[in-house]
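Chemist:
Residue numbers (my numbering): 3 to 126.
#1: So, under 8 Å CB-CB, residue 91 and residue 102 are touching, yes? Tell me the CB distance rounded to an integer number of Å.
#2: How is the beta strand (DSSP E) around residue 86 delimited, first residue to last?
#3: Are residue 119 and residue 73 touching if we call contact CB-CB under 7 Å?
#4: Give the straight-line distance between the Cα atoms of residue 68 and residue 94, rounded to the nearest whole angstrom.
#5: Which whole-angstrom value is the C-beta distance of residue 89 and residue 121, which I expect to be below 8 Å?
#6: So the beta strand (DSSP E) residue 120 belongs to, where does it begin and stop?
#7: If you run the structure through DSSP and keep just helix, strand and coil, what is residue 66?
#8: For residue 99, does the three-state DSSP call read helix, strand or coil?
#9: Beta-carbon separation of residue 61 and residue 79 under 7 Å?
#10: Under the rule that 16 or more other beta-carbon atoms within 10 Å means buried, what is residue 86, buried or exposed?
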């Protein structure tokens, strides 16, 4: 089994098809320009996402334009989905979160990964 570059796998997965309208006069230049623009946007977004994934970062951490986000939205990448970290601490720790190293560490990780955090005290 050969190992594939993740970028090549994403390119193989993403197959964007646009129909170029034809008329009696031939190709419609506006449709051709639109297709080229969309392909450039998709390629740009995929390059950014691939770089982040190779660095071990989620796709949601990538800074993209609205057009780039729209172009890859249909991929439904799991690492583009929002994440919420839920911490279960003791009642005494809940009253003094500022001095809890665990809570600080989780808050730092959540912040770096652009994720939410909820701290609760629940007992079974």
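All C-beta atoms, glycine included, are put in the ideal place defined by N, C-alpha and C.
Modeler: So, from the listed chains and residues:
#1: One-based indexing of the chain shown puts residue 91 at position 89. One-based indexing of the chain shown puts residue 102 at position 100. So it is a contact: roughly 7 Å between Cβ atoms.
#2: Walking along the chain shown from the start, residue 86 turns up at place 84. Residues 86–90.
#3: If you number the chain shown from 1, residue 119 lands on position 117. If you number the chain shown from 1, residue 73 lands on position 71. No, they are not a contact pair.
#4: Position 66 of the chain shown holds residue 68. Position 92 of the chain shown holds residue 94. Cα-Cα distance, rounded: 44 Å.
#5: As a position in the chain shown, residue 89 is number 87, starting the count at 1. As a position in the chain shown, residue 121 is number 119, starting the count at 1. 5 Å between Cβ atoms; contact.
#6: As a first step, residue 120 is located in the chain shown; it is residue number 118 there, counting from the start. Note, residue 120: beta strand (DSSP E), 118–122.
#7: Along the chain shown, one-based indexing puts residue 66 at 64. In this structure, residue 66 counts as coil in the three-state DSSP scheme.
#8: On the chain shown, position 97 is the one that residue 99 refers to. Note: residue 99 maps to helix in three-state DSSP.
#9: Position 59 of the chain shown, counted from the first residue, corresponds to residue 61. Position 77 of the chain shown, counted from the first residue, corresponds to residue 79. In this structure, residue 79 lies closer than 7 Å to residue 61 by Cβ.
#10: Taking the chain shown and counting its residues from 1, one reaches residue 86 at position 84. By the 10 Å Cβ count, residue 86 comes out exposed.
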